[in-house]
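In the UniProt record's numbering, the protein residues as written are 1 to 92.
Here's the structure we're looking at; comments come further down.
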Amino acid sequence: MNALSPALQSLFSVVIAAMVLGALALLWRRDRSAWLVVALGAEAVGLAFRFVLIVQPDLVRSAPLMFSAWTLSGLVFAIGLLGYAIEVSGKR
């Protein structure tokens with residue numbers, strides 16, 4: 001079985017992030033939670049980092065701060081999603 005090409009892996013990464021953004025946007029349309037805005041913003045930043053890495057794949061080696069910022073955006077996304085889950089479970 002052949003492994004996926006790097007181009008397909010990059011494409012799938014972007015498609016998955018776009019699907020997550022779409023799901024968050026649909027949730028936000030219904031609930032208007034500030035936590036979802038945090039998660040949406042952080043995931044949008046993560047998607048921007050993915051696009052940059054597709055265009056300039058060597059940037060991670062030349063700018064290690066970028067990888068740290070990308071990781072931080074993932075953490076902020078997780079915090080936003082967890083905050084929303086806690087908020088929704090508290091309403092029930």
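Idealized CB from N, CA, C, for every residue including glycine.
The alpha helix (DSSP H) enclosing residue 56, as first and last residue numbers: Indexing the sequence shown from 1 puts residue 56 at position 56. Per DSSP, residue 56 belongs to no alpha helix (DSSP H) and is neither H nor E.
Candidates 58, 7, 77: closest to residue 17 by CA position: Your numbering for residue 17 matches position 17 in the sequence shown. Out of 58, 7, 77, 77 has the C-alpha closest to the C-alpha of residue 17.
So the alpha helix (DSSP H) residue 81 belongs to, where does it begin and stop? Within the sequence shown, the letter at position 81 stands for residue 81. Residues 64-91.
Among 49, 33, 51, 63, which residue has its Cα nearest to the Cα of residue 86? Here residue 86 is taken as the residue at index 86 of the sequence shown, counted from 1. Here the closest residue by C-alpha is 33.
What does the alpha-carbon distance come out to for the pair residue 23 and residue 55? Looking up residue 23 in the sequence shown gives position 23. Looking up residue 55 in the sequence shown gives position 55. Between residue 23 and residue 55, the C-alpha separation is close to 26 Å.
Please state if the CB of residue 15 and the CB of residue 43 are separated by a distance shorter than 8 Å. As a working mapping, residue 43 is identified with position 43 in the sequence shown. As a working mapping, residue 15 is identified with position 15 in the sequence shown. No, the Cβ-Cβ distance between residue 43 and residue 15 is not below 8 Å.
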